[in-house]
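Heads up, the thing below is written out as structure tokens.
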Amino acid sequence: MAEIDQTGGGPREYRVEELAEAAGITVRTLRFYRERKLLPPPRKEGRIAWYGEEHLNRLRVIGELLERGHTLGGIAELIGAGESGRQVADLIGLKNAITAPWSDEVPVHLDWAELAAVFGDQLTEENTAESIDQGFITVEEDGITHVSRRLMDATVALVAEGVPLSAVLAASRRTREHADAVAEVFTALVRDELLDALSHPEDLSPAETARLTEQILRVRPLARTVVDAQFALAMDRRVRAEYGTPTGN
1 MAEIDQTGGG PREYRVEELA EAAGITVRTL RFYRERKLLP PPRKEGRIAW YGEEHLNRLR
61 VIGELLERGH TLGGIAELIG AGESGRQVAD LIGLKNAITA PWSDEVPVHL DWAELAAVFG
121 DQLTEENTAE SIDQGFITVE EDGITHVSRR LMDATVALVA EGVPLSAVLA ASRRTREHAD
181 AVAEVFTALV RDELLDALSH PEDLSPAETA RLTEQILRVR PLARTVVDAQ FALAMDRRVR
241 AEYGTPTGN
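Mapping of the sequence shown onto full-length UniProt numbering: residues 1 to 249, in sequence order.
Have a look at this one:
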């Protein structure tokens, strides 16, 4: 029986082999984690080392972080910032809230025949090279894959309206430069005004970590709202400046 209750009603304890089995790892791996100080010391009773549920929870957290691509060195730093596996998991939740992808774009593949039908003689080496340089497409033997179906659809629609593909790509490059600048503004805003406490993560309590996580999740859609509203207002200003205020306004 892997789980041991020595007192009849106390916490469960494990020998090293039993803990490794419960965590789904080898004894050798468990001992390696101990050497890397990823696990707190066990309770010693003579020559026997007893491990508890906190050790099993810690091993589960380590396994989850490894599956997410974290290195053991990075895991050690996170564990050093928290006093328990729960705190480590909370810090990981905060990190995921900060670094989760903003884009939900879906790639789209078009073969050469489809591209020729859409762009005709505008499917030049120069336009292809520009698309590659902007990071939009990868060229394959049977066609291209674009990183965003929405951007590809918009490009196709603009060309269908008579806008040259080269002009669309030029506008795209300028738009990307401004978008990068806007992203930098909001990254700095969040970093300077909300995440200052992360300079000392070891001082964060579980409640503070949870509060920051919820705050980041609320702020993310607000940033997109601000950008969308600012763009619409900017278009109004530019149209009025370019063409004058419409009659009746």
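Beta carbons: idealized from backbone N, C-alpha and C, even for Gly.
ask   = Does DSSP classify Gly120 as helix, strand or coil?
value = Taking the first residue of the sequence shown as position 1, residue 120 is located at position 120. If DSSP states are grouped into helix, strand and coil, Gly120 belongs with the helices.
inquiry  = What would DSSP say about Glu208, mapped onto helix, strand or coil?
reply    = Here the question's residue 208 lines up with position 208 in the sequence shown. If DSSP states are grouped into helix, strand and coil, Glu208 belongs with the helices.
request  = To the nearest angstrom, report how far apart Leu217 and Glu141 are at their CA atoms.
outcome  = Looking up residue 217 in the sequence shown gives position 217. Looking up residue 141 in the sequence shown gives position 141. C-alpha separation (whole angstroms): 41 Å.
key: DSSP state of Leu194 mapped onto helix, strand, coil   = Mapped onto the sequence shown, residue 194 falls at position 194. DSSP places Leu194 in the coil class of the three-state scheme, outside both helix and strand.
inquiry  = Under 8 Å: do the segment 147 to 164 and the segment 105 to 124 share three or more Cβ pairs, one atom per stretch?
reply    = yes
request  = Could you tell me whether the Cβ atoms of Arg149 and Val182 are closer together than 8 Å?
outcome  = In the sequence shown, counting from the first residue as 1, residue 149 sits at position 149. In the sequence shown, counting from the first residue as 1, residue 182 sits at position 182. In this structure, Val182 does not lie closer than 8 Å to Arg149 by Cβ.
inquiry  = Give me the DSSP bridge partner(s) of Glu45.
reply    = Residue mapping note: residue 45 aligns to position 45 of the sequence shown, counting from 1. According to DSSP, Glu45 bridges with Ile48.
key: Enclosing alpha helix (DSSP H) for Glu140 [first to last residue]   = Counting from one through the sequence shown, the residue named residue 140 turns up at place 140. Glu140 -> not in any alpha helix (DSSP H); beta strand (DSSP E) instead, spanning Ile137 to Glu140.
ask   = Going along the chain, which residues of its own chain have a beta-carbon closer than 7 Å to the beta-carbon of Gly162, five neighbours each way excluded?
value = Along the sequence shown, read from residue 1 onward, the residue named residue 162 stands at position 162. So the list is empty, once near-sequence residues are dropped.
ask   = Between Ala179 and the rest of its own chain, which residues show a CB-CB distance below 8 Å, the 5 nearest in sequence each way excluded?
value = Along the sequence shown, read from residue 1 onward, the residue named residue 179 stands at position 179. No residues qualify anywhere along the chain.
ask   = Can Thr128 and Val139 be called in contact, C-beta distance under 8 Å?
value = Within the sequence shown, numbered from 1, the residue matching residue 128 stands at position 128. Within the sequence shown, numbered from 1, the residue matching residue 139 stands at position 139. It is a contact, given that the beta carbons lie within the stated cut-off.
inquiry  = Quick check on Glu13: does DSSP put it in helix, strand or coil?
reply    = Indexing the sequence shown from 1 puts residue 13 at position 13. Three-state DSSP puts Glu13 in a strand.
key: Burial state of Arg136, where buried means 16 or more other Cβ atoms lie within 10 Å   = Position 136 of the sequence shown, counted from the start, is the residue given in the question as residue 136. Looking at the sequence itself, residue 136 is Phe, so the reference to Arg does not match. By the 10 Å Cβ count, Phe136 comes out buried.
inquiry  = Taking 6 Å as the limit between beta carbons, can you name the residues of its chain near Asn249, skipping five residues before and five after?
reply    = On the sequence shown, residue 249 is found 249 positions in, with the first residue counted as 1. Legend: pLDDT at Asn249 = 49, less than 50; position of this residue unreliable, value from coordinates given subsequently. Counting only Cβ-Cβ distances below 6 Å, and skipping sequence neighbours, we find nothing.
ask   = Should Leu19 go down as buried or exposed, given a rule of 16 or more other Cβ atoms within 10 Å for buried?
value = Taking the sequence shown and counting its residues from 1, the one referred to as residue 19 is at position 19. Flag for Leu19 reads buried.
query = Looking at C-alpha atoms only, which residue of Arg173, Glu64 and Gln122 is the closest neighbour of Ala160?
reply = Position 160 of the sequence shown holds residue 160. Per the Cα distances, Gln122.
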